[in-house]
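A.B. asks:
In this note's numbering, the protein residues as written are 1 to 209.
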């Protein structure tokens, strides 16, 4: 995932005040992360403000620094949270069509994550792409394994297929206006989501030998 090439200096790590220390630490961290994904999704990494995240979460700004060190640390934690969330959607026992449907469902249910990916792409300078990311490398290797098992035609390149499927899953959230113009349905309507999921399933099933 892209970190937008921005390094934000962290504030000194200070212990939260007594009232904050009494709170459930895990619950507090989750509230901060829930608020952060919305803020980052709406404004991108550069435009997101720690004060706004603290306000959304109902915590003191110092508490964010205490748990995550900096805005960059908070962003990295969100990335890991998404990877854990999405891991269940790509279990090996699922068919490719079921995996795509699961990612489509995630992009609809967690729109802020999808918007965050869009912000990353818009702001990406490409400077941190030299080293492979194991998360995406593993996805390509998993699709290549499925290809050997007959789930994907041998003349298709797994990397490019994954790129197209990613784009397809994100489309209703990232370009909802185009979805409506093509289909006449609002991208967040149950009618569109049902029809789109069915069409994606049919398309993916035709990728096999």
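By construction, the Cβ of each residue, glycine as well, lies at the ideal position given by its N, Cα and C atoms.
Computed from a predicted structure; not experimentally measured.
If you reduce the DSSP assignment to three classes, tell me which class residue 32 lands in.
C.D. replies: Residue state, collapsed to three classes: helix.
A.B. asks: Could you please give the first and the last residue of the uninterrupted alpha helix (DSSP H) stretch that includes residue 177?
C.D. replies: Taken as a continuous stretch (DSSP letters only), the alpha helix (DSSP H) holding residue 177 covers 176 to 183.
A.B. asks: For residue 191, which of helix, strand or coil comes out of DSSP?
C.D. replies: Looking at residue 191 - three-state DSSP - the assignment turns out to be helix.
A.B. asks: Rounded to the nearest angstrom, what separates residue 122 and residue 177 at their Cα positions?
C.D. replies: One C-alpha to the other measures close to 18 Å.
A.B. asks: Can you name the start and end residues of the alpha helix (DSSP H) that residue 142 belongs to?
C.D. replies: Here the alpha helix (DSSP H) through residue 142 covers 134 to 148.
A.B. asks: Using a Cβ-Cβ cutoff of less than 7 Å, which residues in the same chain neighbour residue 77 once the five nearest sequence positions on both sides are dropped?
C.D. replies: If we look at residue 77 and ignore the five residues flanking it on each side, its Cβ neighbours are 33 and 68.
A.B. asks: Determine, using beta-carbon pairs with one atom in the segment 92 to 108 and one in the segment 194 to 206, whether at least three such pairs fall under 8 Å.
C.D. replies: With the cut-off at 8 Å, the segment 92 to 108 and the segment 194 to 206 touch.
A.B. asks: Indicate whether the contact test is met: 3 or more Cβ pairs, each with one atom in the segment 107 to 118 and one in the segment 160 to 174, closer than 8 Å.
C.D. replies: Segments in contact, yes.
A.B. asks: At which residues does the alpha helix (DSSP H) containing residue 62 begin and terminate?
C.D. replies: Per DSSP, residue 62 belongs to the alpha helix (DSSP H) from 61 to 68.
A.B. asks: Does the distance from the CB of residue 37 to the CB of residue 112 come in under 8 Å?
C.D. replies: Yes; because the gap between Cβ atoms is below 8 Å, this pair is in contact.
A.B. asks: Look at residue 162 and residue 143 and say whether their C-beta atoms are less than 8 Å apart.
C.D. replies: Their beta carbons are under 8 Å apart, which means residue 162 touches residue 143 by this criterion.
A.B. asks: Just confirm the distance between the C-beta atoms of residue 42 and residue 56, as a whole number of angstroms; I'd bet it's less than 8 Å.
C.D. replies: Between residue 56 and residue 42 the Cβ distance is about 10 Å, and since that is not below 8 Å, they are no contact.
A.B. asks: Is residue 29 buried or exposed, if buried means 16 or more other CB atoms sit within 10 Å of its CB?
C.D. replies: Buried is the call here.
A.B. asks: Determine the DSSP secondary structure at residue 42, reduced to helix, strand or coil.
C.D. replies: Residue state, collapsed to three classes: helix.
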